[in-house]
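Using our numbering, read the sequence shown as starting at 3 and increasing by one per residue. Just so you know, even glycine gets a beta-carbon here, dropped at the ideal spot from N, CA and C. Scroll down for the structure; my scribbles are underneath it.
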Amino acid sequence: MAGFNIDTPRWDQRTFLGRVKHFFNITDPRTVFVPEQELDWAKVMVEKSRMGATPPGTQVEQLLYAKKLYDSAFHPDTGEKMNVIGRMSFQVPGGMIITGFMLQFYRTMPAVIFWQWVNQSFNALVNYTNRNAACPTSLRQMALAYFTATTAAVATAVGMNSLTKRAPPLVSRWVPFAAVAAANCVNIPMMRQQELIQGISVKDKNHNELGFSRRAAAVGISQVVISRIAMAAPGMILLPVAMERLEKLHFMKRVKVLHAPLQVLLAGCFLIFMVPVACGLFPQECELSASYLEPELRDTIRAKYGEHVPYVYFNKGL
Numbered sequence: 003m004a005g006f007n008i009d010t011p012r013w014d015q016r017t018f019l020g021r022v023k024h025f026f027n028i029t030d031p032r033t034v035f036v037p038e039q040e041l042d043w044a045k046v047m048v049e050k051s052r053m054g055a056t057p058p059g060t061q062v063e064q065l066l067y068a069k070k071l072y073d074s075a076f077h078p079d080t081g082e083k084m085n086v087i088g089r090m091s092f093q094v095p096g097g098m099i100i101t102g103f104m105l106q107f108y109r110t111m112p113a114v115i116f117w118q119w120v121n122q123s124f125n126a127l128v129n130y131t132n133r134n135a136a137c138p139t140s141l142r143q144m145a146l147a148y149f150t151a152t153t154a155a156v157a158t159a160v161g162m163n164s165l166t167k168r169a170p171p172l173v174s175r176w177v178p179f180a181a182v183a184a185a186n187c188v189n190i191p192m193m194r195q196q197e198l199i200q201g202i203s204v205k206d207k208n209h210n211e212l213g214f215s216r217r218a219a220a221v222g223i224s225q226v227v228i229s230r231i232a233m234a235a236p237g238m239i240l241l242p243v244a245m246e247r248l249e250k251l252h253f254m255k256r257v258k259v260l261h262a263p264l265q266v267l268l269a270g271c272f273l274i275f276m277v278p279v280a281c282g283l284f285p286q287e288c289e290l291s292a293s294y295l296e297p298e299l300r301d302t303i304r305a306k307y308g309e310h311v312p313y314v315y316f317n318k319g320l
């Protein structure tokens, strides 16, 4: 146990591959089914390890497992247990069901509206759960964000469905992705608008708080939007192509009742890989040049630390 630091990532977070391995570990969908008592045990073990009070006989493997559970279920800013549906480890089971049914039931208007509403409700909860918790969001702001994102998704889907009625069937199958991408550009910034208004906490490399930056918030939220769209893109672009070909097979025409379950299963296969890959596109602990900060914050930092703080760091959320 000598020299072991439980907060040091097992893989180099400065590299894309290291981040992907890290998120493969903590977004493991099996952690969703871990009992509450085991999650509480994991938190206790992590906290004891941080204080150097690990129980005698504890193995490194036990601490690594505890940290995996802790990172999957507890918020990195507050240390509070996150709701199950909002955890990134729930993205595969939750996302595969919603994505599969969105791609399957895209023809009728009621189905389009219903599944876009379900998807944005799910996204709103995920966005709120994985926000930078240093900036509280009021109930009114959350309601406005939810309404705006849902409206944007439904309007995009309905509008594009109308425009693609005479287009090839494959083009119509891509409408759900266009709606999801458009809604992500609205949902995430709206749900985290308080960060854009007040700024998020930025720190030096020693974790000393330096102030709050709106520009840092904009950078972090932009990266999250890109990650979420990338997370959905392969499944929602390639899966319709595959289903378009599969549905033409004689066997598939005879078992239409299996089309939806098959689409859900295939969506899950995409998400198992794309959740960690998309989360790993950018470091969770972002580095930003101090020269990019707001002039008043930049001047405050320079007045206090001189040129000894060339970069600031902040949690961008997921």
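At which residues does the alpha helix (DSSP H) containing Gly102 begin and terminate?
93-106
Helix, strand or coil for Ile202 per DSSP?
Here Ile202 carries a strand assignment [DSSP, helix/strand/coil].
My assumption, with CB atoms under 8 Å, is that Ala234 sits in contact with Phe179. Please give the rounded CB distance.
7 Å
Rounded separation between Met84 and Lys45 - CA only:
13 Å
Spell out the partners DSSP gives Val314 in its beta bridges.
Leu290
Is it true that the CB of Ala181 sits closer than 9 Å to the CB of Gln118?
yes
Taking contact to mean at least 3 C-beta pairs separated by less than 8 Å, is the region 200-217 in contact with the region 296-314?
Contact between the region 200-217 and the region 296-314 is present, because at least three Cβ pairs lie under 8 Å.
How would you label Gly308, buried or exposed, when you count the other beta carbons within 10 angstroms and need 16 or more for buried?
exposed
Answer yes or no: do Thr33 and Lys70 have a C-beta to C-beta separation smaller than 9 Å?
Yes, these two residues count as a Cβ contact at 9 Å.
For the region 183-267, which segments carrying the alpha helix (DSSP H) assignment without a break, of at least 4 residues, lie completely within its bounds, in sequence order?
195-200, 216-248, 252-256
Which one of Val266, Phe18, Val277, Val243 has the shortest CA to CA distance from Arg230?
Val277
Kindly indicate which residue of Val22, Pro171, Tyr108, Ile8 has the alpha-carbon position closest to the one of Leu331.
The requested residue 331 does not occur in the structure, where the chain is confined to residues 3 to 320.
With distances taken between CB atoms, is the gap from Ala151 to Met104 smaller than 9 Å?
no
Could you give the residue range of the alpha helix (DSSP H) that holds Leu320?
Leu320 -> no alpha helix (DSSP H), and no H or E assigned at all.
Answer with buried or exposed for Leu273, where buried requires no fewer than 16 other C-beta atoms within 10 angstroms of its C-beta.
buried
Compare the C-alpha of Phe26 against each of Ala280, Arg256, Gly96, Val156 and name the closest.
Ala280
Range covered by the alpha helix (DSSP H) that runs through His24
18-28
Counting pairs of beta carbons, one from the region 249-266 and one from the region 79-94, are three or more of them closer than 8 Å?
no
Could you please give me the residues that DSSP links to Lys83 through a beta bridge?
Phe76
Output the distance between the C-alpha atoms of Gly161 and Phe6, rounded to the nearest integer angstrom.
Gly161 and Phe6: Cα-Cα distance of roughly 56 Å.
Kindly indicate which three-state DSSP category Gly59 falls into: helix, strand or coil?
coil
Nearest candidate by alpha-carbon position, reference Gln67, set Asp42, Ser203, Lys318, Asn125:
Sequence inspection shows Tyr at residue 67; the Gln mentioned does not correspond to that position. When only C-alpha atoms are compared, the closest one is Asp42.
Taking DSSP as the reference, what is the three-state secondary structure of Ala181?
helix
If I'm right that Ile28 touches Ser74 with Cβ under 8 Å, what's the distance once you round it to whole angstroms?
5 Å
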